[in-house]
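**Student:**
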Amino acid sequence: GVSKPCVHSLSTLLDTPTLSVHLVDVKSETTAHLLLHSLCWSSSSCKVLLHFVNQSGMKTSVSAMEGESLLEVVINKNLQIDGFGACEGTLACSTCHLIFEDGVYEKMEPMADEEMDMLDLAYGLTKLSRLGCQVTVERWMDGMTVRVPQEVKDRREKPEAEI
Ligand code: FES
Numbered sequence: 001g002v003s004k005p006c007v008h009s010l011s012t013l014l015d016t017p018t019l020s021v022h023l024v025d026v027k028s029e030t031t032a033h034l035l036l037h038s039l040c041w042s043s044s045s046c047k048v049l050l051h052f053v054n055q056s057g058m059k060t061s062v063s064a065m066e067g068e069s070l071l072e073v074v075i076n077k078n079l080q081i082d083g084f085g086a087c088e089g090t091l092a093c094s095t096c097h098l099i100f101e102d103g104v105y106e107k108m109e110p111m112a113d114e115e116m117d118m119l120d121l122a123y124g125l126t127k128l129s130r131l132g133c134q135v136t137v138e139r140w141m142d143g144m145t146v147r148v149p150q151e152v153k154d155r156r157e158k159p160e161a162e163i
């Protein structure tokens, strides 16, 4: 499909304090729109809406920057996910394990062998699992939901791997 623009209107843009400083001299709305586009398309300014569901099933929605890893999003937005990202993205822990939606998972960049090896050790592995520190936010991910594997209270329950 066609990508959505990440800032929806000029007024939204002008409401953003840091951006309005740069746009204060812009007289024509057309010029402002062109500026808006160049801001949006230059990678670091594009916001992507993401939903995280933590171990307890609590959903938090955040706006992430294109190009950040999902681990960086969790840290920067101070999301309450117990023990997430213990190795700080050095592919040594698998605590950044996240479960993706079907349509999203298959569109993501393929995994490197190192990620695959570490992911194998992750608790509650599913066929839609990835390591959050290895996944980079892209604009097409706007609106996606990622889940942290749920805590299993009773070990006799079915593991998530059977989903
Ligand atoms: S944070 Fe440790 S493997 Fe991703």
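According to the UniProt record's numbering, the residues represented by the sequence shown are 1 to 163, in order. Idealized CB from N, CA, C, for every residue including glycine. Values in this document were obtained by computation on a predicted structure and should not be read as measured data.
1) Just checking my contact of R139 with V48 at CB under 8 angstroms: how many whole Å lie between their CB atoms?
2) Does ligand 1 have a heavy atom nearer than 7 angstroms to the CB of residue 166?
3) Using only the alpha-carbon positions, how far apart do M141 and G67 sit?
4) At a threshold of 7 angstroms, does S94 count as lining ligand 1 (C-beta to nearest heavy atom)?
5) Using a Cβ-Cβ cutoff of less than 6 angstroms, which residues in the same chain neighbour E115 once the five nearest sequence positions on both sides are dropped?
6) Confirm, please, whether the CB-CB distance from I81 to V148 is below 8 angstroms.
7) In chain order, what residues of the same chain lie with their CB nearer than 6 angstroms to the CB of S94, ignoring the 5 residues before and after it?
8) Regarding T126 and ligand 1, is the C-beta to nearest heavy atom distance less than 7 angstroms?
9) I99 by DSSP, collapsed to three states: which one?
10) Residues in its own chain within less than 6 angstroms of H51 by CB, not counting five upstream and five downstream?
11) Could you give the first and the last residue of the continuous alpha helix (DSSP H) run that contains V74?
**Tutor:** A quick look at the data gives this:
1) Position 139 of the sequence shown, counted from the first residue, corresponds to residue 139. Position 48 of the sequence shown, counted from the first residue, corresponds to residue 48. The C-beta distance from R139 to V48 rounds to 6 angstroms, short enough to fall under 8 angstroms.
2) For the chain, the structure presents residues 1 to 163; residue 166 sits outside this window and is missing.
3) The residue you call residue 141 lines up with position 141 of the sequence shown. The residue you call residue 67 lines up with position 67 of the sequence shown. Those two C-alpha atoms are separated by around 11 angstroms.
4) On the sequence shown, residue 94 is found 94 positions in, with the first residue counted as 1. Yes, ligand 1 has a heavy atom inside 7 angstroms of this Cβ.
5) In the sequence shown, counting from the first residue as 1, residue 115 sits at position 115. Around E115: L131 and Q134.
6) Residue mapping note: residue 148 aligns to position 148 of the sequence shown, counting from 1. Residue mapping note: residue 81 aligns to position 81 of the sequence shown, counting from 1. Yes, the pair counts as a contact, with Cβ atoms nearer than the cut-off.
7) Indexing the sequence shown from 1 puts residue 94 at position 94. Same-chain partners within the cutoff: M118, L121 and A122.
8) On the sequence shown, position 126 is the one that residue 126 refers to. Result no, Cβ not under 7 angstroms from ligand 1.
9) Numbered from 1 along the sequence shown, position 99 holds the residue referred to as residue 99. Strand.
10) Sequence index remark: in the sequence shown, residue 51 carries index 51 (1-based). Here the set comprises K59, S61 and T145.
11) Your numbering for residue 74 matches position 74 in the sequence shown. In the DSSP assignment, V74 falls within the unbroken alpha helix (DSSP H) covering L70 to N76.
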